[in-house]
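With positions in the sequence shown counted from 1, the corresponding number in our numbering is that position plus 293.
Cβ atoms here follow ideal geometry from the backbone N, Cα and C, with glycine treated the same way.
Worksheet: the structure to be examined is printed underneath.
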Amino acid sequence: MSESVRGKLGKFALLSMTFAAVFNVRNIVNNNIELGLSSAPIFLLATLIYFIPFVFIIAEFVSANKNSESGMYDWLKKPLGSKAAYLGSFLYWFVNLFWFVSLLPNVIAYASYAMLGYEYAFSPVVTSAISIALFAAATHISTKGASWLGKIAEIVAYGVFALFAIYVIGALMALGGNHEPVEPITLEAMTPTINWATLGIMCWIFQAAGGAETAAAYLNDVKGGHKSFIKVIIGAGIAIGTMYAVGSLLVNVFVARDELTYAGGMVEIFTGMANYFDISQSLTGRFVGIILFVAMFGSMMMWTAAPVKIHFSEIPKGVYGEKTTELNEHGVPVRAAWWQFAFVFVMLVVNGFGSESVQDMMNTAINLTAGTAMLPPIFIMVAYFVFRLKHDDTPRDFRMGTRVQGMAVVSVLIGIFVVSMTASAFPTGVDLVQAFFINVFMTAVFSGLAWWWISRFEKKQAGKDAKLETAKQS
Numbered sequence: 294m295s296e297s298v299r300g301k302l303g304k305f306a307l308l309s310m311t312f313a314a315v316f317n318v319r320n321i322v323n324n325n326i327e328l329g330l331s332s333a334p335i336f337l338l339a340t341l342i343y344f345i346p347f348v349f350i351i352a353e354f355v356s357a358n359k360n361s362e363s364g365m366y367d368w369l370k371k372p373l374g375s376k377a378a379y380l381g382s383f384l385y386w387f388v389n390l391f392w393f394v395s396l397l398p399n400v401i402a403y404a405s406y407a408m409l410g411y412e413y414a415f416s417p418v419v420t421s422a423i424s425i426a427l428f429a430a431a432t433h434i435s436t437k438g439a440s441w442l443g444k445i446a447e448i449v450a451y452g453v454f455a456l457f458a459i460y461v462i463g464a465l466m467a468l469g470g471n472h473e474p475v476e477p478i479t480l481e482a483m484t485p486t487i488n489w490a491t492l493g494i495m496c497w498i499f500q501a502a503g504g505a506e507t508a509a510a511y512l513n514d515v516k517g518g519h520k521s522f523i524k525v526i527i528g529a530g531i532a533i534g535t536m537y538a539v540g541s542l543l544v545n546v547f548v549a550r551d552e553l554t555y556a557g558g559m560v561e562i563f564t565g566m567a568n569y570f571d572i573s574q575s576l577t578g579r580f581v582g583i584i585l586f587v588a589m590f591g592s593m594m595m596w597t598a599a600p601v602k603i604h605f606s607e608i609p610k611g612v613y614g615e616k617t618t619e620l621n622e623h624g625v626p627v628r629a630a631w632w633q634f635a636f637v638f639v640m641l642v643v644n645g646f647g648s649e650s651v652q653d654m655m656n657t658a659i660n661l662t663a664g665t666a667m668l669p670p671i672f673i674m675v676a677y678f679v680f681r682l683k684h685d686d687t688p689r690d691f692r693m694g695t696r697v698q699g700m701a702v703v704s705v706l707i708g709i710f711v712v713s714m715t716a717s718a719f720p721t722g723v724d725l726v727q728a729f730f731i732n733v734f735m736t737a738v739f740s741g742l743a744w745w746w747i748s749r750f751e752k753k754q755a756g757k758d759a760k761l762e763t764a765k766q767s
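See the structure below:
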């Protein structure tokens with residue numbers, strides 16, 4: 294593929310794309326609503342025990358698979374075999390379908406703030422219709438390749454960095470001026486209550502700190518190759534974890550936890566700050582709405598393209614139709630991207646007509662995403678354990694410690710993930726039968742179908758190879 298066609302990303306563009314894919318300011322508010330100020334130390338803990346080691350794992354896989362187009366399939370194939378590699382990349386793509394359904398109403402809410410200064414309550418059907426239009430636009434732009442997405446991600450990064458800095462500086466100025474935070478920042482408030490519900494919510498904090506593997510989809514578009522990628526991804530991991538922890542610590546300086554909402558929480562904390570500094574809340578709401586709309590829409594473009602590249606660009610030829618996996622001049626499987634749009638279209642229509650409110654719509658999508666979102670990282674971690682156990686002699690420029698250290702670290706991560714994922718799949722206060730059906734049975738059904746599909750393909754391929762060998766011998 295021509296290098297002049299594949300857009301070459303500089304380090305800042307890659308940093309911006311990683312930032313756009315991983316750092317989502319709404320995660321700060323959402324987890325504050327669930328956990329209060331105790332989300333700050335949990336974010337810090339998640340950064341130290343999960344995000345940074347996971348970034349090291351991604352960096353090591355990238356170093357060992359320098360010619361990979363998008364990452365995940367090649368990372369899993371050598372340690373786990375072709376069937377597990379296919380299943381892992383399939384689940385990565387599959388769980389993101391539900392994430393799109395939960396994200397799009399937020400994008401619409403921020404567009405409402407940008408245009409009106411407040412959140413306009415659309416019906417679920419209208420919300421679904423607008424979501425479909427937005428996702429169609431995101432799908433079209435995402436097929437334009439890394440050069441387009443890099444430029445969009447830079448705009449997103451500048452906007453979100455500026456927004457985050459404005460809030461942190463404003464909160465520190467208020468605290469320095471003897472302002473008493475609405476919810477006092479004390480050790481007691483920051484001490485997590487360790488119970489089943491907290492373990493389940495931690496699943497979302499781990500997910501909030503995840504996404505580094507998404508940037509690997511653009512490894513072949515980076516100036517300096519895998520070495521530049523590794524440096525940027527590690528730096529991004531440390532910076533993002535720090536920002537999550539600091540933001541979570543200051544989120545209730547102006548607005549109480551119980552006054553925040555999932556859809557408009559970020560705007561609400563800024564209008565609270567505007568009220569303290571005697572600035573127009575309406576103008577502040579519009580300003581924040583514009584930046585968050587651009588940020589969320591830009592992030593969605595990254596996530597629209599990356600799962601499609603990760604699943605469809607490296608699987609063996611013939612698993613799907615040739616046109617479905619064919620890459621355009623930018624290294625994007627365009628038809629697969631539009632197939633993804635078709636699946637999300639159907640889900641949005643069903644969700645829109647089957648929900649009484651937008652909140653119900655979001656809750657359904659969030660429940661469908663819960664524990665399943667952790668399956669792809671677990672595949673990567675198990676593959677890494679086997680990689681260090683059986684293939685540690687593979688040439689690479691980066692290693693996470695010695696063989697024993699790497700295996701020990703990833704073993705701890707797998708244990709934490711299994712507990713957290715189980716708690717998330719069966720949260721407190723819900724019908725256990727319904728939770729089992731949505732989070733376990735449905736995932737098992739689709740995983741089983743994927744396993745059957747790849748087994749069927751490999752059986753056919755083996756038959757063709759045997760016939761070809763027989764023909765050669767005769």
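- Using a Cβ distance threshold of 7 angstroms, A676 and W368 count as a contacting pair.
- Restricting attention to beta strand (DSSP E) runs no shorter than 3 residues, the region 674-739 encloses none.
- Counted as a single uninterrupted DSSP element, the alpha helix (DSSP H) harbouring L373 occupies residues M365 to L373.
- L553 sits in coil when the DSSP states are folded into three classes, being neither helix nor strand.
- Between the C-alpha atoms of I584 and V548 there is a straight-line separation of about 20 angstroms.
- Inclusion of Y379 and I747 in the CB contact set at 7 angstroms is warranted, their separation being smaller than that value.
- 7 angstroms or more divides the Cβ of A313 from the Cβ of F499.
- For E327, the enclosing alpha helix (DSSP H) has its first and last residue at V318 to L328.
- Take S592, set aside five residues on each side of it, and the residues of its chain with a beta-carbon closer than 6 angstroms to its own are A313, in chain order.
- Pairing N399 with H433, the inter-Cα distance amounts to about 20 angstroms.
- A direct Cα-to-Cα measurement between F522 and L468 gives close to 39 angstroms.
- Nearest neighbour of G410 by Cα position, chosen from I478, P477, G582 and F710, turns out to be G582.
- Judged by DSSP in its simplified three-state form, V515 adopts strand.
- Here the alpha carbons of M640 and A737 stand approximately 19 angstroms from one another.
- The continuous alpha helix (DSSP H) containing M594 extends over residues Q574 to F605.
- Between the beta-carbon of K602 and that of P626 there is about 7 angstroms, and that keeps the pair under the 8 angstroms contact cut.
- When the beta-carbon positions are compared, V453 and A556 stay at least 7 angstroms from each other.
- Taking all protein chains shown into account, G708 has fewer than 16 neighbouring C-beta atoms within 10 Å of its C-beta and is therefore exposed.
- Linking T715 to A764 through their CA atoms gives a straight-line distance of about 52 angstroms.
- Taking all protein chains shown into account, V711 has fewer than 16 neighbouring C-beta atoms within 10 Å of its C-beta and is therefore exposed.
- Around the Cβ of Y413, a 10 Å sphere holds fewer than 16 other Cβ atoms; the residue is exposed.
- Taking one beta carbon from each stretch, the region 723-730 and the region 688-701 have fewer than 3 pairs nearer than 8 angstroms; the two do not touch.
- Only buried fits I335, as 16 or more other CB atoms lie within 10 angstroms of its CB.
- Taking a 10 Å sphere around the C-beta of L576, we find fewer than 16 other C-beta atoms and assign the residue as exposed.
- Counting only runs of 3 or more residues that sit fully inside the region 419-471, no beta strand (DSSP E) segment turns up.
- In the DSSP assignment, the residues bridged to L620 are P626.
- Judged by beta-carbon spacing, Y366 lies within the 7 angstroms limit of S382, meaning their Cβ atoms are closer than that value.
- DSSP, read as helix, strand or coil, puts D758 in helix.
- C-alpha of G558 to C-alpha of G565: approximately 10 angstroms in a straight line.
- By alpha-carbon distance to S717, the top candidate from T491, L761 and V702 is T491.
- In chain order, Y460, T577 and V581 place their CB closer than 7 angstroms to the CB of F563, counting only its own chain and leaving out the 5 sequence neighbours on each side.
- In the structure shown, the three-state DSSP call for N644 is helix.
- Closest option to N568, judged by alpha-carbon separation, among F393, S740 and G463: G463.
- Membership of I350 in the alpha helix (DSSP H) is indicated by the continuous run I345 to A357.
- Between A529 and the set Q766, V418, T311 and L456, the nearest pair of CA atoms involves T311.
- With respect to N644, V394 sits close: the two C-beta atoms are nearer than 7 angstroms.
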